[in-house]
Amino acid sequence: MALTSSFFDEGTLIGVLTTQPLDRVLDYRAPEGGCHLGAFVEVPLGPRKVLGLVWGPGRGDYDLSKIRSVIRVLDAAPMREELMSFLTRAGDYTLTPMPAMLRLATRAPGLGDPPSMRKIYSLGDGIPDRMTDARTRVLDVLRDMGGLSLTLKELAEAAGVTTSVVKGLVKQGAVREEDSPRDMPFPTLDPDYAGKALTEDQTVAAATLRASVATRSYGTTLLKGVTGSGKTEVYLEAVAECLAQGRQALVLLPEIALTAEFLTRVDERFGAKPAEWHSGVTMTERRRVWKMTAQGGAQLVVGARSALFLPFRDLGLIVVDEEHDTSYKQEDGVLYNARDMAVLRASICGAQVILASATPSLESWANADAGKYQRLELTSRFGAAVMPEMRAIDMRNEQLPGSSWISPTLQRAVQQRLDNKEQALLFINRRGYAPVTICRACGHQIGCDHCDARMVEHRFLKRLVCHQCGETKPMPTTCPSCEAEDKLAAVGPGVERLAEEAQALFPEARLAVLSSDMFGSARALKAEIETIASGGADLIIGTQLVAKGHNFPLLTLVGVIDADLGLQGSDLRAAERTFQLMRQVAGRAGRADKPGQALMQTYQPEHPVIRAILSGDEQDFWTAEAGERRSAGVPPYGRLAGIILSSTDVQEVFDLGNALARNDGPLRRVGAQVFGPAPAPIARVRGRHRVRLLVKAPKGTALQPALAEWVKPFRLKGELRMAIDIDPQSFY
Numbered sequence: 004m005a006l007t008s009s010f011f012d013e014g015t016l017i018g019v020l021t022t023q024p025l026d027r028v029l030d031y032r033a034p035e036g037g038c039h040l041g042a043f044v045e046v047p048l049g050p051r052k053v054l055g056l057v058w059g060p061g062r063g064d065y066d067l068s069k070i071r072s073v074i075r076v077l078d079a080a081p082m083r084e085e086l087m088s089f090l091t092r093a094g095d096y097t098l099t100p101m102p103a104m105l106r107l108a109t110r111a112p113g114l115g116d117p118p119s120m121r122k123i124y125s126l127g128d129g130i131p132d133r134m135t136d137a138r139t140r141v142l143d144v145l146r147d148m149g150g151l152s153l154t155l156k157e158l159a160e161a162a163g164v165t166t167s168v169v170k171g172l173v174k175q176g177a178v179r180e181e182d183s184p185r186d187m188p189f190p191t192l193d194p195d196y197a198g199k200a201l202t203e204d205q206t207v208a209a210a211t212l213r214a215s216v217a218t219r220s221y222g223t224t225l226l227k228g229v230t231g232s233g234k235t236e237v238y239l240e241a242v243a244e245c246l247a248q249g250r251q252a253l254v255l256l257p258e259i260a261l262t263a264e265f266l267t268r269v270d271e272r273f274g275a276k277p278a279e280w281h282s283g284v285t286m287t288e289r290r291r292v293w294k295m296t297a298q299g300g301a302q303l304v305v306g307a308r309s310a311l312f313l314p315f316r317d318l319g320l321i322v323v324d325e326e327h328d329t330s331y332k333q334e335d336g337v338l339y340n341a342r343d344m345a346v347l348r349a350s351i352c353g354a355q356v357i358l359a360s361a362t363p364s365l366e367s368w369a370n371a372d373a374g375k376y377q378r379l380e381l382t383s384r385f386g387a388a389v390m391p392e393m394r395a396i397d398m399r400n401e402q403l404p405g406s407s408w409i410s411p412t413l414q415r416a417v418q419q420r421l422d423n424k425e426q427a428l429l430f431i432n433r434r435g436y437a438p439v440t441i442c443r444a445c446g447h448q449i450g451c452d453h454c455d456a457r458m459v460e461h462r463f464l465k466r467l468v469c470h471q472c473g474e475t476k477p478m479p480t481t482c483p484s485c486e487a488e489d490k491l492a493a494v495g496p497g498v499e500r501l502a503e504e505a506q507a508l509f510p511e512a513r514l515a516v517l518s519s520d521m522f523g524s525a526r527a528l529k530a531e532i533e534t535i536a537s538g539g540a541d542l543i544i545g546t547q548l549v550a551k552g553h554n555f556p557l558l559t560l561v562g563v564i565d566a567d568l569g570l571q572g573s574d575l576r577a578a579e580r581t582f583q584l585m586r587q588v589a590g591r592a593g594r595a596d597k598p599g600q601a602l603m604q605t606y607q608p609e610h611p612v613i614r615a616i617l618s619g620d621e622q623d624f625w626t627a628e629a630g631e632r633r634s635a636g637v638p639p640y641g642r643l644a645g646i647i648l649s650s651t652d653v654q655e656v657f658d659l660g661n662a663l664a665r666n667d668g669p670l671r672r673v674g675a676q677v678f679g680p681a682p683a684p685i686a687r688v689r690g691r692h693r694v695r696l697l698v699k700a701p702k703g704t705a706l707q708p709a710l711a712e713w714v715k716p717f718r719l720k721g722e723l724r725m726a727i728d729i730d731p732q733s734f735y
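In structure tokens:
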């Protein structure tokens with residue numbers, strides 16, 4: 004992006020990038036008083052007023068007599084050149100139009116509103132004269148917010164009460180009402196507040212990271228440590244160094260449910276809580292975080308992947324925790340990987356990146372191996388904790404009824420833990436009650452009306468749910484195909500069915516089920532995790548959600564119901580993901596002073612992935628996996644791009660796919676190959692037929708310009724849609 008001037012006088016021709024889906028920067032005249040490069044402005048577009056950003060000088064290739072003026076400059080800090088450059092380069096890499104990139108960077112309401120006062124509500128000192136359910140809910144919400152204040156509307160909605168209930172508590176002194184500016188700086192974090200005593204290898208790693216941050220230059224470090232080794236404490240020391248330098252830090256977490264425990268740890272280390280940015284944060288708080296990152300009033304932001312696009316004033320450190328996690332890949336809208344974009348942004352603004360994981364992605368492993376990333380390893384667990392013993396249960400030798408899933412060997416191990424007043428976890432990576440509902444009379448499997456996917460029975464909801472589009476319908480009593488009564492049978496296990504079996508086997512145990520679709524809000528999920536961690540359950544039944552960094556001190560046994568599940572299918576990362584998931588799940592056991600054990604039920608104990616998990620010989624696994632990927636020429640030793648075409652008309656999609664495959668000259672010129680078109684594994688989602696093409700190219704190929712040239716001649720009309728996924732993580 005060539006920048007020629009940083010200030011434009013009144014009447015000067017300027018280029019404004021809007022958030023509207025247009026294919027170019029629009030010309031306007033600078034308003035009265037002029038405007039800076041990067042200023043947020045309101046401009047007329049047809050009959051509407053829209054948000055825009057001063058992107059540079061105008062092009063002047065439009066009738067000058069028809070060019071209108073900017074309406075006003077918004078009261079927001081101008082976007083820095085560093086962020087403008089990041090949006091441009093990220094857009095070029097992902098082949099995303101710039102208006103869509105700008106939308107990612109402006110995801111907060113009322114950015115240009117002038118400063119104003121508002122009433123906010125927090126926990127008071129008074130005690131109500133009488134308690135009701137509604138009053139209890141209000142006070143519980145305020146306690147859960149950890150001292151944060153809410154507006155009247157937000158508090159009433161969060162508690163599910165009318166505003167009069169809140170006002171009644173204000174009169175009683177139980178809730179405090181105050182006038183507050185809408186956008187206040189966050190409490191100051193003290194880098195010298197209360198560092199924890201570190202082990203020897205933690206101390207060495209922390210010192211190395213601190214020294215890297217002190218250089219005030221770009222670099223990426225892979226921080227690898229076994230689960231429970233204290234990676235968080237180590238990278239918080241890097242955050243401390245960044246704060247001491249007067250720069251800002253960003254910590255990305257893969258799961259909202261992890262934020263509560265992490266915020267507590269930040270509070271203990273720095274004496275105050277940081278800013279939060281994720282889907283569970285109120286719109287008022289989002290606006291405050293956006294404004295304060297730009298003004299320097301937020302030293303540390305903890306957030307989801309979209310926090311990468313916040314307008315930091317001086318970003319010095321980005322931590323990507325659990326960097327291997329697939330949720331860092333945005334799978335709709337702008338298709339980007341937050342791990343890779345973190346490295347890009349840091350390289351532009353001279354910041355350090357820490358990629359933390361017990362089971363790094365092969366991409367990061369290969370970059371560290373090639374010397375692009377620094378590598379730090381924590382080899383022992385913190386304190387008295389030791390890594391769990393890992394063992395396979397060979398299901399071929401177990402006597403198990405056809406409708407049961409917990410083997411006798413695993414049953415005995417669970418019972419032993421329950422007798423010892425310890426916690427056990429049974430893990431299965433399937434949501435719902437059963438993945439397939441089949442008619443025993445005609446063999447019909449109940450599918451979604453809008454997708455080519457089987458509907459999953461959710462017995463707790465008494466409904467069938469499509470995990471592709473979210474469509475639900477009541478559980479039928481007769482077969483939709485042959486109308487036979489009482490012949491529908493649930494096939495295969497889901498987390499709810501496993502819970503039902505566990506309740507029957509262990510009737511005295513207090514059961515907790517952890518699955519992402521069973522909690523209506525992030526707050527409810529956080530509360531359940533805290534209850535389990537404090538001993539509020541004896542037996543946990545969980546899906547992939549439990550693998551993500553939670554700390555359950557009383558947990559000493561993990562039983563994996565179907566360790567073979569992820570080894571099926573054609574996903575090139577199937578082995579890697581199974582390895583990571585099993586190691587992460589097993590790492591939940593034995594995190595305190597009691598030794599842990601992980602038992603994996605498998606029909607393939609001799610499979611190389613299962614053997615690598617049990618032996619703990621990670622280097623052997625990664626070396627073998629790298630060898631296979633290298634010989635196949637696939638990431639990280641080659642380049643891939645997925646082209647997903649969709650329409651309500653199946654013929655239209657295949658016609659476009661075939662035309663693309665025939666006219667692949669621009670790709671062949673750079674040595675790339677096109678595979679397809681072929682129906683996507685789930686060929687219809689939400690009534691739209693989906694066809695995929697896969698482009699494969701040697702490592703180092705300038706793939707994006709070739710892709711752009713390839714698709715440019717094809718005009719998409721009507722219902723036809725095309726998405727280009729650079730470095731695809733999912734092949735569905």
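Heads up: the sequence shown begins at 4 in the numbering used here, then just goes up one per residue.
Where a beta carbon is used, it is the ideal one built from N, C-alpha and C, also for glycine.
Selection from the options that minimises the alpha carbon distance to residue i
{"i": "S282", "options": "R290, R316 and K276", "result": "R290"}
{"i": "V76", "options": "A354, A93, P112 and G36", "result": "G36"}
{"i": "D667", "options": "A700, M393, S383 and A683", "result": "A700"}
{"i": "A505", "options": "L29, P598, L568 and L428", "result": "L428"}
{"i": "M104", "options": "T440, V337, D489 and E401", "result": "V337"}
{"i": "T166", "options": "Y124, D128 and E203", "result": "Y124"}
{"i": "Q251", "options": "G299, K156 and L266", "result": "G299"}
{"i": "Y196", "options": "L558, V269, P669 and G228", "result": "V269"}
{"i": "F772", "options": "V653, L697, V292 and V57", "result": "There is no way to answer for residue 772, as the model of the chain reaches only from 4 to 735."}
{"i": "A536", "options": "L517, D193 and P556", "result": "P556"}
{"i": "I646", "options": "A111, R342, T97 and S364", "result": "T97"}
{"i": "G249", "options": "E460, P684 and L303", "result": "L303"}
{"i": "A589", "options": "P669, T362, A709 and S407", "result": "T362"}
Integer Cβ distance of residue i from residue j, believed to fall under 8 angstroms
{"i": "E693", "j": "R687", "result": "Going by the sequence as given, residue 693 is Arg instead of Glu. Going by Cβ atoms, the distance from R693 to R687 rounds to 7 angstroms, so yes, they are a contact pair."}
{"i": "T224", "j": "L379", "result": "6 angstroms"}
{"i": "V305", "j": "F430", "result": "So it is not a contact: roughly 27 angstroms between Cβ atoms."}
{"i": "L29", "j": "P60", "result": "Their Cβ separation, rounded to whole angstroms, is 13 angstroms, which puts L29 and P60 out of contact at 8 angstroms."}
Per DSSP, the bridge partner or partners of residue i
{"i": "W280", "result": "G306"}
{"i": "P50", "result": "DSSP lists no partner for P50."}
{"i": "A492", "result": "I441"}
{"i": "K156", "result": "Looking at the DSSP assignment, K156 forms no beta bridge with any residue, so it has no partner."}
{"i": "S183", "result": "R121"}
{"i": "H39", "result": "F10"}
{"i": "A726", "result": "I647"}
{"i": "R32", "result": "L16 and S72"}
{"i": "Q676", "result": "K699"}
Sub-9 angstroms separation of residue i and residue j beta-carbons
{"i": "I351", "j": "I321", "result": "no"}
{"i": "T736", "j": "G679", "result": "As shown, the chain starts at 4 and ends at 735. That puts residue 736 outside it, with no answer to give."}
{"i": "R106", "j": "T22", "result": "yes"}
{"i": "L314", "j": "T287", "result": "Note that residue 314 is Pro in the sequence shown, not Leu. Taking 9 angstroms as the Cβ cut-off, P314 and T287 do not qualify as a contacting pair."}
{"i": "A644", "j": "D567", "result": "no"}
{"i": "A515", "j": "G539", "result": "yes"}
{"i": "E401", "j": "L560", "result": "no"}
{"i": "T382", "j": "G228", "result": "yes"}
{"i": "C65", "j": "V46", "result": "Correcting the residue identity first, residue 65 is Tyr in this sequence and not Cys. Their beta carbons are not under 9 angstroms apart, which means Y65 does not touch V46 by this criterion."}
Where residue i falls: helix, strand or coil (DSSP)
{"i": "A387", "result": "The pLDDT assigned to A387 is 44, lower than 50, so where the model puts this residue is not dependable, and the model offers no usable value."}
{"i": "A5", "result": "Its pLDDT being 41, under 50, A5 is placed unreliably in this model, and the value from its coordinates should be taken loosely. Looking at A5 - three-state DSSP - the assignment turns out to be coil, as it is neither helix nor strand."}
{"i": "K597", "result": "coil"}
{"i": "D623", "result": "helix"}
{"i": "R693", "result": "strand"}
{"i": "M148", "result": "coil"}
{"i": "S72", "result": "strand"}
{"i": "G94", "result": "helix"}
{"i": "D116", "result": "coil"}
{"i": "T21", "result": "strand"}
{"i": "P687", "result": "First, the amino acid is wrong: residue 687 is Arg here, not Pro. The answer is strand: DSSP assigns R687 an E or B state."}
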